[in-house]
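The sequence shown runs 122 to 242 under the working numbering.
First comes the structure, then the notes that go with it.
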Amino acid sequence: MKKSKNINEYISNYPKEIQEILEQLRATIKKAAPKAEEVISYGMPAFKFNGMLVWFAAQSNHFGFYPGASAKEVFEKELSLYKGGKGTVQFPFGKPLPIRLITKIVKFRVSENLQKVKKKR
């Protein structure tokens, strides 16, 4: 797959049913972090607000959501239903996205980044 210049281009590279879920994920993140900037980072759609917030991507059999290790630790219990690594979560194809959980995680990351900015002052 070619490298995408922006999130619209990234999403357009996938079949319609995958595009719909990627757009749902994107909209959920935007709603939870309305001031965040959309970027492509590491070849994936990402959101930035006082530093990187989260990344997401379509993989071969799941949607990857990358909120970082701190969010994985804080939301460990809720995320235990999903596969993933230290800072990653895998939402399987064919199952609804956990919108409320994603929203909580994104809001946590916004708050975390704001705290980092305050500490630097």
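Ideal placement from N, C-alpha and C gives every residue a C-beta, glycine not left out.
If you're wondering where the values come from, they're calculated on a predicted model, not measured in any experiment.
request  = Could you tell me whether the region 154-174 touches the region 204-212, using the rule of 3 or more Cβ pairs below 8 angstroms?
outcome  = Between the region 154-174 and the region 204-212 there are fewer than three C-beta pairs closer than 8 angstroms, too few to call the two in contact.
query = Skipping 5 residues on each side, what residues in its chain have a beta carbon closer than 6 angstroms to that of residue 177?
reply = So the list reads 146, 166, 186, once near-sequence residues are dropped.
message = Quick check on the DSSP output: the beta strand (DSSP E) that includes residue 187 runs from which residue to which?
response = 183-187
ask   = Based on the DSSP output, what are the partners of residue 175 in its beta bridges?
value = 168
task = With residue 162 as the anchor, note down where its beta strand (DSSP E) starts and where it stops.
result = 158-162
request  = Put residue 180 into one of helix, strand or coil per three-state DSSP.
outcome  = coil
task = Go ahead and pull the three-state DSSP assignment for residue 212.
result = strand
key: Option nearest residue 149 by Cα separation, candidates 220, 192, 241, 213   = 220
query = How far does the alpha helix (DSSP H) with residue 204 in it reach, from first residue to last?
reply = Looking at the DSSP string, residue 204 is not in any alpha helix (DSSP H), and its letter there is neither H nor E.
message = So, for residue 234: in the same chain, excluding its five sequence neighbours on each side, which residues have a beta-carbon less than 7 angstroms away from its beta-carbon?
response = 170, 171, 172, 174
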